[in-house]
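Here is the structure we will look at.
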Amino acid sequence: MSSKTRVCPYCFELFDVSDVKFRCGNPSCSKSKDEALSNFWQLDHIESPVAPAKKKFLGGVPELGVCPECHREAYQVICPHCHNRLPSNMVKDGGFIVSIVGARSSGKTNYITVLINELLRNGYRLGNIGTIPSSVSDTPQNSTTNRYKNDFYEFVYGRSECPPQTATDDPKSKVPLIYELTQKGTNSAHLVFYDTAGENFNSPEEIENNARFLKNSDAVIYLLDTFNIEQVHQRLQQPMNLGNIELPYDFILNNIIGFFDNRTSKQDREAFYKKPIALTFSKIDAILNNTDLFDNYSIPGMSMNQNSPYMSGSSVLNSDFDGINEGLRQAMAMWGEGTFLNNIDNRFKNAHFFGISALGEAPEKATQISNLQPYRVLDPLVWILLQLKYQFK
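Below, the structure is given as structure tokens:
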């Protein structure tokens, strides 16, 4: 991908920075139906005119447009394809799109909620970075601040309960969460978190409809449900009343591999397998808090008493991530999952294993959170940023 190519975080189409357009901001200007925006949302959007670019920054990034109706200057940047509004700095400086994928009940929504809160509250521990949510959106309720507060934060931190699972047809799943990472003396970097329902990856046909966001993401955090590993499930079944395994932990990942192997070009396939993928076991607290049930099958080097070193003042160290990766690989081999390890290593060129707990312990009565203690939730994201050459100063 060219240094001047961007990915729209809404429609996931590629565009050159010189091709961006602008939305007229004059409240008195005439309004009409925007076909591209209406088609994206499957809902009529009556908007001010689209303005072509007039002036460009150094490097070819347009600074503004001129409205064809009222002839005033326009500064609201929009995607040239779907016409959703985009943060101008993200278009100018670029950004990292991180897709978070996982099966239903893997804890994906819990994880996204706590991950972002930890980034906002504890991101400064990674260096002198600041984190600012984007205020740019087609409607106020779809701004990152309001979307995160109302659909994520309010459940976990306001009501102490798990958020509802993402529905396959929920239009809000098309709204990305966009955050700007700032550091003194360097360009901003933007993080785009994209969440989608696990059912969208239950078959190659369904993946086909969601392939663009996987192909054009910079990296993937793939959540694996720890409870659905057979030997782990057997040891936890009685004390935690788990019931039967509904879906193998690797089911959706195998579907994604099958899709890229059989339904994409060689170029797209090779590009996808080169991307950083953080294979992240959720609910890892269930193992670490019940070591007596696992005896010699516990995870080497992991303990709920040893959170991420940078959370207590140490530097961000690749060696720590390597140790966690190796410990989980050893545990997977002991649990009889060596074939899965080989499947990953035979496809992906840059895969690392992580173990996290968004809540710190299982919720009471399935949804009630009593003692929130996040464990290593930032690790997959921090590792991905290092792989993407982001520097924590």
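Each residue of the sequence shown is one higher than the last, beginning at 431 in the working numbering.
For each residue, glycine too, the CB sits at the ideal point set by N, CA and C.
Here the structure is a predicted model, which means the values were calculated and not measured.
Using the Cα positions of residue i and residue j, report the straight-line distance between them to the nearest angstrom.
| i | j | result |
| --- | --- | --- |
| residue 805 | residue 670 | 20 Å |
| residue 565 | residue 518 | 11 Å |
| residue 441 | residue 810 | 25 Å |
| residue 746 | residue 500 | 52 Å |
| residue 769 | residue 762 | 10 Å |
| residue 526 | residue 667 | 39 Å |
| residue 438 | residue 784 | 28 Å |
| residue 537 | residue 502 | 48 Å |
| residue 656 | residue 662 | 7 Å |
| residue 726 | residue 719 | 14 Å |
| residue 595 | residue 607 | 17 Å |
| residue 445 | residue 641 | 17 Å |
| residue 710 | residue 637 | 20 Å |
| residue 567 | residue 463 | 17 Å |
| residue 730 | residue 744 | 21 Å |
| residue 494 | residue 506 | 8 Å |
| residue 563 | residue 799 | 26 Å |
| residue 734 | residue 791 | 10 Å |
| residue 673 | residue 660 | 12 Å |
| residue 715 | residue 782 | 19 Å |
| residue 694 | residue 631 | 16 Å |
| residue 701 | residue 691 | 12 Å |
| residue 765 | residue 658 | 12 Å |
| residue 685 | residue 703 | 14 Å |
| residue 643 | residue 615 | 31 Å |
| residue 707 | residue 818 | 11 Å |
| residue 688 | residue 653 | 18 Å |
| residue 823 | residue 556 | 8 Å |
| residue 467 | residue 696 | 32 Å |
| residue 835 | residue 591 | This structure cannot settle anything about residue 835, because the visible part of the chain is limited to 431 through 823. |
| residue 793 | residue 574 | 27 Å |
| residue 619 | residue 521 | 10 Å |
| residue 816 | residue 705 | 12 Å |
| residue 546 | residue 586 | 12 Å |
| residue 603 | residue 760 | 36 Å |
| residue 742 | residue 633 | 43 Å |
| residue 774 | residue 512 | 35 Å |
| residue 756 | residue 717 | 17 Å |
Quick test of your reading: residue i and residue j, contact by CB under 8 Å. State the CB separation rounded to the nearest angstrom.
| i | j | result |
| --- | --- | --- |
| residue 808 | residue 548 | 5 Å |
| residue 461 | residue 477 | 6 Å |
Given that a residue counts as buried once 16 or more other Cβ atoms are within 10 Å of its Cβ, and exposed if not, what is residue i?
| i | result |
| --- | --- |
| residue 625 | buried |
| residue 558 | exposed |
| residue 570 | exposed |
| residue 639 | exposed |
| residue 465 | exposed |
| residue 796 | exposed |
| residue 589 | exposed |
| residue 767 | buried |
| residue 554 | exposed |
| residue 635 | exposed |
| residue 713 | buried |
| residue 721 | exposed |
| residue 540 | buried |
| residue 772 | exposed |
| residue 748 | exposed |
| residue 601 | exposed |
| residue 551 | exposed |
| residue 610 | buried |
Closer than 8 Å by C-beta to residue i: which residues in its own chain qualify, once you throw out the five before and the five after it? Chain order, please.
| i | result |
| --- | --- |
| residue 448 | 434, 483, 486, 490, 491, 492 |
| residue 528 | 621, 622, 623, 624, 647, 648, 649, 650, 651, 811, 814 |
| residue 723 | 665, 666, 669 |
| residue 508 | 450, 451, 452, 453, 480, 514, 515, 516 |
| residue 542 | 530, 582, 607, 623, 625 |
| residue 758 | 711, 729, 732, 783, 784, 785 |
| residue 510 | 445, 449, 450, 451 |
Once the 5 residues before and after residue i are set aside, which same chain residues still bring their CB inside 6 Å of it?
| i | result |
| --- | --- |
| residue 572 | 605 |
| residue 874 | Here the chain comprises residues numbered 431 to 823, so residue 874 is not present and cannot be evaluated. |
| residue 560 | 612 |
Would the C-beta of residue i count as close to the ligand ATP, meaning under 8 Å from any of its heavy atoms?
| i | result |
| --- | --- |
| residue 521 | Among the components modelled here there is no ligand, and therefore nothing to report on the ligand ATP. |
In chain order, what residues of the same chain have a beta carbon less than 7 Å from the beta carbon of residue i, not counting five sequence neighbours either side?
| i | result |
| --- | --- |
| residue 497 | 454, 456, 459, 479, 481, 504 |
| residue 576 | 570 |
| residue 617 | 523 |
| residue 683 | 652 |
From the beta carbon of residue i, is the nearest beta carbon of chain C less than 9 Å away?
| i | result |
| --- | --- |
| residue 547 | In the structure shown, chain C cannot be found, because there is only a single protein chain. |
Would you call the stretch 667-687 and the stretch 465-473 touching, i.e. three or more CB-CB distances under 8 Å?
no
Contact the stretch 677-696 vs the stretch 521-536: 3+ CB pairs below 8 Å
yes
For the stretch 647-654 against the stretch 727-740, do three or more pairs of beta-carbon atoms, one drawn from each stretch, fall closer than 8 Å, so that the two count as touching?
no
Check whether the stretch 769-779 touches the stretch 751-758, taking contact to mean three or more Cβ pairs, one atom from each stretch, closer than 8 Å.
no
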